[in-house]
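Below: the structure, in structure tokens.
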Amino acid sequence: MDTMIELPALRRTAELAPNSADKDARTVEVIWSAGARVRRSTLFGEPYDEELSLDPAHVRLERLNGGAPFLKVHEIDTLDAVIGSVVPGSARIENGRGIALVRISERSDVEPIWRDIQAGHIRAVSIGYQVHRFEVTKPEAGRELWRAVDWTPFEVSAVPVGADPAAGFRARSPLHDCVLHRRDVQPTTTGAIPMSDKTETPATDAATRTIPQPTDPVATEDTAMPEPKTPATDPQTAAVETRSQPKAQKPEVTPAPDAEAAATRAREAERDRVSAIYDLAGRLNLERSFAEDLVKRGTDIDEARRLILDQVAAKSEETRTFSQVSIPLGGRDEQVTRREAVANALLHRYSPTLFELEDAARQYRGMTLLELARESLGNAGVNTRGLSRDEVATRALHSTSDFPEILAAVTNKTLRQAYEAYPRTFMLFCRQVLATDFKAMHRVQLGEAPQLLEVGESGEFKRGTLGESKESYKVKTYGRVVAITRQTLINDDLDAFTRIPAMYGNSIAQLESDVVWGIITANPVMADGNALFHATHKNLAGTGAALDVTSVGAARAAMAKQTGLDKKTVLNVRPAYLIVPAALELKAEQLVAQNLVPAATASVVPQSIRTLTPISEPRLDAASATAWYLAASPNQIDTIEYAYLEGQQGAYIETRNGFDVDGVEIKCRLDFGAKAIDWRGLYKNPGA
1 MDTMIELPAL
11 RRTAELAPNS
21 ADKDARTVEV
31 IWSAGARVRR
41 STLFGEPYDE
51 ELSLDPAHVR
61 LERLNGGAPF
71 LKVHEIDTLD
81 AVIGSVVPGS
91 ARIENGRGIA
101 LVRISERSDV
111 EPIWRDIQAG
121 HIRAVSIGYQ
131 VHRFEVTKPE
141 AGRELWRAVD
151 WTPFEVSAVP
161 VGADPAAGFR
171 ARSPLHDCVL
181 HRRDVQPTTT
191 GAIPMSDKTE
201 TPATDAATRT
211 IPQPTDPVAT
221 EDTAMPEPKT
231 PATDPQTAAV
241 ETRSQPKAQK
251 PEVTPAPDAE
261 AAATRAREAE
271 RDRVSAIYDL
281 AGRLNLERSF
291 AEDLVKRGTD
301 IDEARRLILD
311 QVAAKSEETR
321 TFSQVSIPLG
331 GRDEQVTRRE
341 AVANALLHRY
351 SPTLFELEDA
361 ARQYRGMTLL
371 ELARESLGNA
381 GVNTRGLSRD
391 EVATRALHST
401 SDFPEILAAV
411 TNKTLRQAYE
421 AYPRTFMLFC
431 RQVLATDFKA
441 MHRVQLGEAP
451 QLLEVGESGE
461 FKRGTLGESK
471 ESYKVKTYGR
481 VVAITRQTLI
491 NDDLDAFTRI
501 PAMYGNSIAQ
511 LESDVVWGII
521 TANPVMADGN
531 ALFHATHKNL
541 AGTGAALDVT
551 SVGAARAAMA
561 KQTGLDKKTV
571 LNVRPAYLIV
581 PAALELKAEQ
591 LVAQNLVPAA
601 TASVVPQSIR
611 TLTPISEPRL
621 DAASATAWYL
631 AASPNQIDTI
641 EYAYLEGQQG
651 AYIETRNGFD
661 VDGVEIKCRL
671 DFGAKAIDWR
681 GLYKNPGA
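The numbering of the sequence shown is the UniProt record's numbering, which starts it at 1 and goes up by one.
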């Protein structure tokens with residue numbers, strides 16, 4: 001009897017042969033199948049044995065010989081997952097084994113994998129295959145044997161541990177039709193399983209799977225199959241065909257002692273229990289520790305199924321689920337592609353010079369916001385015929401369509417583009433760090449190492465200590481909310497979610513500059529009780545002087561003579577930046593400019609001063625249009641330190657359907673903080 005069922009793509013372990021690696025050709029041989037028998041189980045059904053026939057007439061090699069991909073752990077969602085391919089025409093069956101030659105990619109990120117293959121560190125390989133027809137036999141005592149007599153291997157993957165369900169790829173695969181041909185079998189005394197007319201003995205080699213003992217928690221299959229659909233539940237795919245088959249002969253055997261038989265049955269039952277628990281937990285994306293706990297406690301399979309379902313139900317209440325979309329191998333999700341194309345069309349409309357129009361976006365170039373909203377609703381299956389403009393706008397912003405995500409993507413890109421384009425002049429002489437939380441960060445200002453002292457013959461080494469001073473600051477949160485309302489869509493007001501977010505991007509960058517330059521202009525008190533620029537710190541000129549060679553030379557000498565916290569060790573700090581208000585920008589540029597003609601000796605600007613990098617900041621003019629500063633490189637000594645919250649560098653965007661407004665709300669957030677850590681790398685002259 002033949003039954004049509006639906007199956008996902010399956011996997012099975014195979015093996016690389018590192019000794020066959022050709023370093024020059026970047027090829028290595030793969031034993032992709034040896035026909036070993038593997039135990040599998042349905043989700044809540046009885047386990048069965050699966051066997052892949054290696055009769056050349058039963059295996060479709062077209063996809064392997066067509067250059068099938070060599071993947072990284074069955075990943076199919078990124079191009080980087082392809083680390084090689086099967087050499088066309090190399091897939092074959094020899095002496096009961098499937099063999100193919102794999103060529104490894106020459107990409108730099110694949111090079112470590114290729115070296116590990118040559119060294120023999122990576123040996124486990126798993127194949128993906130589809131079964132089109134099974135011949136099913138069932139002895140009186142024993143599991144069913146599902147023998148694949150028509151199947152297609154379509155990819156090979158390098159995996160860390162081939163037999164471990166948790167190490168494999170867990171995404172659901174598209175289903176395909178498979179025929180189950182069930183054969184009539186006469187009961188035998190030994191539970192022997194008769195094979196088809198072309199039955200083979202699986203080859204025993206490195207690719208043959210070893211069944212673990214009850215104490216081994218590793219499952220015996222890579223991917224389990226779903227419950228088959230019977231003709232009663234799926235009448236459109238059912239196909240019934242009756243065939244008569246010869247009965248198996250009854251071999252004469254000597255019965256085993258009852259104790260040994262009981263022990264064998266106990267071992268098999270334990271293997272089935274362990275295998276089923278790990279398989280169910282892996283297929284339902286539960287933590288491996290949860291399955292290990294069930295195995296260690298000796299939970300029987302029925303109770304384990306109940307506990308696993310309870311765990312899945314509990315997780316589903318905590319996690320928002322999304323519909324799953326099957327993506328062809330090497331392809332992209334059509335919805336994501338369309339969403340990006342619409343966003344690109346809107347960005348090009350906002351600024352053609354900043355955002356080049358992509359080919360996929362040309363079809364949306366002339367559409368209004370309302371037309372795009374109507375099309376998004378149509379793609380989501382919403383009938384918009386007869387709806388008013390207001391109804392279309394409202395539903396587009398509060399439905400399952402992807403229009404809110406398109407608007408959020410456009411807003412995000414315009415905001416970030418403006419944020420990154422704004423000139424932040426403080427970044428040259430300040431040092432960036434990351435904060436792990438919002439608690440105060442303490443920065444220890446280490447002093448210099450103690451000076452070495454002479455040690456006489458048989459003398460004693462004296463101990464020294466490091467001086468230190470502590471500064472502290474913390475990251476603060478700044479933010480605003482931008483709303484995109486239905487009025488925006490109805491009025492086709494593109495500026496509402498392009499120019500306004502761009503203005504917010506500028507505002508965020510300006511806020512960072514305000515915080516950092518505010519330290520320079522406010523001259524805050526340091527941990528020692530003195531202001532940042534103070535005569536005690538020897539970084540403030542006693543008398544203001546105009547910006548010229550003489551005054552800069554005096555400031556440079558003062559920085560070089562700065563001492564450590566022990567008041568003795570000379571640090572020889574060298575300035576790298578000349579910081580001036582906008583009023584002195586031209587004069588600073590002239591000072592460091594190259595001398596193009598011979599000049600009087602008194603007018604020559606030395607090379608050491610011309611190496612200074614001028615930084616002009618108009619925020620300094622509000623405090624003083626004459627004061628100028630020198631700053632050392634943060635690589636030599638601490639100056640001002642600024643911090644972002646870890647994982648939230650720069651402007652961060654969040655979106656949600658509006659509650660206070662009828663539309664979409666976009667929240668712009670910045671987690672930022674700054675503090676002067678050391679005064680010895682900074683110098684101020686009040687100017688004249």
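Note that CB positions come from ideal geometry on N, CA and C, so glycine has one too.
query                                                                                                                           : result
Where the alpha helix (DSSP H) through residue 118 begins and ends                                                              : 111-119
N-terminal and C-terminal residue of the beta strand (DSSP E) that residue 410 is part of                                       : Run containing residue 410: none in the beta strand (DSSP E); it sits in the alpha helix (DSSP H), 403-421.
Beta-carbon proximity list for residue 414, same chain, < 6 angstroms, skipping 5 on both sides                                 : 498, 501, 502
Assumed close pair residue 576, residue 633 - CB separation to whole angstroms, cut-off 8 angstroms                             : 4 angstroms
Cβ-Cβ distance between residue 531 and residue 541 below 8 angstroms                                                            : no
Nearest neighbour of residue 511, chosen from 486, 459, 573, 424 [CA to CA]                                                     : 424
Candidates 579, 640, 584, of which the one nearest residue 613 by Cα                                                            : 579
Residue 427 versus 517, 351, 460, 342, residue with shortest Cα-Cα distance                                                     : 517
Endpoints, alpha helix (DSSP H) assigned at residue 555                                                                         : 549-560
Inter-residue spacing [alpha-carbon to alpha-carbon] between residue 223 and residue 125                                        : Any reading at residue 223 is ruled out, since the residue's pLDDT is 42, under 50, leaving its predicted position unreliable.
Among 559, 101, 293, 646, the one whose alpha carbon lies nearest that of residue 26                                            : 101
Beta-carbon proximity list for residue 663, same chain, < 6 angstroms, skipping 5 on both sides                                 : 397, 483, 484, 485, 486
Status (buried if at least 16 other CB within 10 Å, exposed otherwise) for residue 438                                          : exposed
Top-ranked residue by Cα proximity to residue 68, from 39, 55, 104                                                              : 104
Bridge partner(s) assigned by DSSP for residue 672                                                                              : 476, 644
DSSP-derived helix/strand/coil call for residue 589                                                                             : helix
Alpha carbon of residue 525 to alpha carbon of residue 627, nearest angstrom                                                    : 19 angstroms
Neighbour flag for residue 32 against chain B, beta carbons, 8 angstroms                                                        : The chain labelled as chain B is not found in the depicted structure, where only one protein chain is given.
Backbone CA spacing between residue 374 and residue 386 [nearest angstrom]                                                      : 11 angstroms
Expected contact under 8 angstroms - CB spacing of residue 97 and residue 53 to nearest Å                                       : Their Cβ separation, rounded to whole angstroms, is 13 angstroms, which puts residue 97 and residue 53 out of contact at 8 angstroms.
Close-in-space but distant-in-sequence residues of the same chain around residue 277 (CB under 6 angstroms, 5 per side omitted) : 291, 294, 295, 304
Cβ separation of residue 670 and residue 651, assumed to be a contact under 8 angstroms, to the nearest whole Å                 : 6 angstroms
Closest residue to residue 649 among 433, 78, 606 (Cα-Cα distance)                                                              : 433
Check whether residue 645 and residue 435 have beta carbons under 8 angstroms apart                                             : yes
Inter-residue CB distance, residue 343 and residue 418 (contact presumed, cutoff 8 angstroms)                                   : Contact flag wrong, Cβ pair sits at about 16 angstroms.
Identity of the residues DSSP links to residue 37 by a beta bridge                                                              : 51
Same chain, Cβ closer than 6 angstroms to residue 171, five either side skipped, listed in chain order                          : Low per-residue confidence applies at residue 171: pLDDT is 33, beneath 50, and the placement is therefore not dependable, though the value from the model is reported in the following sentence. Result list for residue 171: empty, nothing under 6 angstroms.
Cβ neighbours of residue 299 in the same chain (closer than 6 angstroms, five flanking residues each side left out)             : none
Exposure of residue 539, with buried meaning 16 or more beta-carbon neighbours within 10 Å                                      : buried
Residues that DSSP places opposite residue 458 in a beta bridge                                                                 : Looking at the DSSP assignment, residue 458 forms no beta bridge with any residue, so it has no partner.
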